[in-house]
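This report refers to the structure that appears directly beneath it.
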Amino acid sequence: MKRLMRLGMLSVAMLVLMCGAAGAQDFPVRGSAIVPNLLYQFWSSEQSIDSYITITNITNVAVKCRVLVYDHSGNDISSYGIALTGGNGNWATVSTGSADFEIPAHGSRFFHLANTYPLKSIIAHAIIEWSADDAKLRKALIAGGWTFFVMGNSNFSHGNFLVNHGDPF
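Quick note on numbering: the sequence shown equals residues -24 to -1, 1 to 145 in mature numbering (1 follows the signal peptide of the UniProt record, and there is no 0).
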């Protein structure tokens, strides 16, 4: 009986370990960088502050990207994020309400918090993570950003920054 219980406990432990490994395989992080000093405040379509991050894939293969955003209280607000790409006369949405999206070889994406959350003031930081099927890749992304103000009919940038000093990660 004791042996049967031990075997049962071992089976449960193996199942837990296998499930954890399977979840980790979904997005095996190969590299990451921290993005500090993100600001967001939305009063109206004529008055807002928003931080944008441009992320570029510098490799010859597609890369999976995840942008995790944490607010001033440490809450995960990644679901507020929108990933965009260029388009004909306007931006095209790649992903909304999710931290995950793909960047094609030598492609770029734009990431910011959606301006659909009125009367919120957020001080945040982000963690950009990437994964790729090519096990030989060591560094795949570069990134930078800026904070953008809208005041009435005036739109202006309030400063640019490089993620990871502009170095690939």
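Every residue gets a Cβ at the ideal spot worked out from N, C-alpha and C, and that includes glycine. Keep in mind the model is a prediction, meaning the values are calculated, not measured.
- The Cβ-Cβ distance between ILE34 and LEU117 falls below 8 Å.
- Three or more Cβ pairs closer than 8 Å define a contact, and the region 136 to 144 falls short of that threshold against the region 36 to 47.
- In the displayed model, GLY120 falls within a strand according to three-state DSSP.
- A distance below 8 Å between beta-carbons, with the five flanking residues on each side excluded, links PHE132 to the following residues of its chain, in chain order: PHE124 and PHE125.
- Taking 8 Å as the cut-off, the beta carbon of GLY121 is found closer than this to the beta carbon of VAL11.
- Residues of the same chain with a CB within less than 6 Å of the CB of TRP67, apart from the 5 flanking positions on each side, are LEU60 in chain order.
- Here the alpha carbons of GLU22 and ARG85 stand approximately 25 Å from one another.
- In the DSSP assignment, ILE58 is bridged to THR72 and HIS88.
- The three-state secondary structure of ASN131, taken from DSSP, is strand.
- Cα atoms of PHE18 and SER27: separation of roughly 12 Å, rounded to the nearest angstrom.
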